[in-house]
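Numbered per UniProt numbering, the sequence shown finishes at 395, counting up by one with no gaps.
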Amino acid sequence: MGLDQFTIEFDNPTKSYFPGQNVTGKVVVVCNSNKKIQGLRIKFQGKASVYWTEQEKETVGSGNNREERTITRVYENNDTFFDYKFFAAGDDRNDVTIPAGRNEYPFQFALPQGLPSSFIGAYGKVSYEVNAVMKRSWKFDHEVKNQFTVNALADLNNDAGAAQPGELKKTKNLCCLCCASGPIGYVFKISRKGYVPGEFVQIECELQNNSSRNVTGVTLAFVQTSTYYAKGKSRVATKNLSEVKRPGVEPGDTDIWRGNVLQIPSVPPTKLGNCHLIDVQYQLNLEMSISGPALNLRGSLPIIVGTIPFRNNFLELMPQNNGSCAPSAPPMSAYPDMPPPSYQEAMYFGPDKPQQTVVDGISNKVVDQVAPKGEDYNPKYVTYGWNYPPVSSGQ
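1. Would you tell me roughly how many angstroms separate the C-alpha atoms of Gly273 and Pro116, rounded to the nearest one?
2. With DSSP collapsed to three states, give me the class of Asn157.
3. Counting only the same chain and skipping the five closest in sequence on each side, list residues whose C-beta sits under 7 Å from that of Arg69.
4. If you compare alpha carbons, which of Ala346, Gly385 and Tyr384 is closest to Thr149?
5. Considering only residues of the segment 270 to 315, which uninterrupted alpha helix (DSSP H) runs meet the minimum length of 4 residues and lie entirely inside it, listed in chain order?
6. Does DSSP classify Gly63 as helix, strand or coil?
7. Going by DSSP, what residues sit across from Lys380 in a beta bridge?
8. At which residue ranges does the segment 3 to 67 contain complete beta strand (DSSP E) runs of 3 or more residues, listed in the order of the chain?
9. Does Val370 pass the burial test, meaning 16 or more other C-beta atoms within 10 Å, or should it be called exposed?
10. Tell me, which residues are paired with residue 413 by DSSP?
11. Over what stretch of residues does the beta strand (DSSP E) that includes Ser127 continue unbroken?
12. Excluding the 5 residues flanking Thr171 on each side, which residues of the same chain have their C-beta closer than 6 Å to its C-beta?
13. Considering Cα atoms alone, identify which of Asn22, Ser33, Leu241 and Arg298 is closest to residue 399.
14. Would the segment 195 to 205 and the segment 231 to 242 be scored as touching if the rule is three or more Cβ pairs under 8 Å?
15. Quick check on Ser220: does DSSP put it in helix, strand or coil?
16. Identify whether Leu241 lies in helix, strand or coil by the three-state DSSP scheme.
17. For Gln344, tell me which candidate among Leu317, Leu220, Tyr17 and Pro379 has the shortest Cα-Cα distance.
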């Protein structure tokens with residue numbers, strides 16, 4: 001067809017939006033001569049999908065012919081939030097002409113309220129995209145897609161549990177041969193359970209080692225657990241997103257660990273804001289590593305991740321305009337004085353993909369080992385106060 005360019009461009013360079021905002025941009029078509037088409041269709045789609053397989057036992061036949069076999073069962077589910085399309089040129093019935101040169105076809109779509117956040121996980125995703133198709137008579141259609149991010153409006157100010165403090169106590173007694181040893185334990189506290197990406201978690205932790213064993217180290221980890229639902233079953237995936245470490249505690253000693261020690265990375269909010277097929281939860285895991293033949297002391301404390309910070313924290317989350325992270329436009333919300341967020345690309349949450357074998361179809365020989373391509377688009381989530389400095393102290 002002689003197309004030089006067929007692309008989708010967004011007016012918002014971050015390609016990140018909140019429910020209720022307008023997604024605006026244009027489809028650009030550049031061709032070197034006049035071209036006849038039946039229509040240029042633009043579609044906006046938002047959907048959630050989950051998929052996984054399980055090996056299950058199945059009994060077939062009866063009597064002497066009864067046997068058990070292993071089958072692969074597929075679990076999948078889909079939920080479409082919106083699917084809107086229109087023709088920017090033509091109507092898919094009569095030919096129209098696209099003139100030579102650069103042609104721009106603007107679009108605008110108002111995102112519905114209550115949408116969940118974009119997400120890419122091990123067994124499912126929530127995705128949003130603009131799709132443009134150039135319909136051609138008796139020829140293959142030309143198609144282009146461009147994904148964008150939706151950040152759900154998860155307001156910590158409206159979540160009663162987010163402002164509550166959290167506390168975790170763990171203790172265990174160790175045995176050394178025939179002799180009992182003193183307890184090992186900790187009391188871990190956080191001032192509140194709710195955070196937005198970019199904030200640091202302020203902790204206070206008392207580590208006690210009244211045993212004769214060494215505590216070789218202490219690890220605080222930020223963990224995401226995602227659960228996927230299909231056909232009455234569920235599949236769970238857990239991912240350690242970030243962690244900080246503390247030196248060990250010698251026998252008979254006590255250590256105090258306090259301060260802003262762990263920053264919430266660029267992640268979607270708890271529960272994705274509002275999604276029935278995928279549930280996302282977060283927790284802080286604290287683990288004391290114990291020397292010798294003993295299980296480490298582990299505990300977890302749930303936390304809530306939102307996209308709208310506490311009003312009391314607006315001032316400290318304001319960007320300092322130091323050039324390291326220029327903020328984008330502020331989100332649509334009821335807080336005109338809210339600090340404008342930046343949009344940071346999320347870490348990849350999808351499954352680890354094994355290498356695939358490429359085999360020549362004629363010689364039947366292995367040609368290459370390649371890693372399959374992952375998701376083309378990585379969501380960009382709201383983040384605040386990246387220059388908010390961590391402070392950690394002990395005594």
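Virtual Cβ for every residue (Gly too), placed ideally from N, Cα, C.
Looking at the atomic coordinates:
1. 5 Å
2. helix
3. Same-chain partners within the cutoff: Glu58 and Val60.
4. Ala346
5. none
6. The three-state reading of DSSP puts Gly63 in helix, counting H, G and I together.
7. Glu345
8. 3 to 10, 22 to 31, 35 to 37 and 39 to 60
9. For Val370, the predicted structure reports a pLDDT of 36, less than 50, and the residue's modelled location is therefore unreliable. A value from the coordinates is still provided. Exposed, by the Cβ-count rule.
10. Coverage of the chain is limited to positions 1 through 395, which leaves residue 413 absent and any answer about it impossible.
11. For Ser127, the enclosing beta strand (DSSP E) has its first and last residue at Gly124 to Lys135.
12. These residues qualify, in order along the chain: Pro183 and Gly185.
13. The chain is shown only over 1 to 395; residue 399 falls outside these bounds and no answer can be derived.
14. no
15. The identity of residue 220 in the sequence shown is Leu, whereas the question assumes Ser. Strand.
16. strand
17. Pro379
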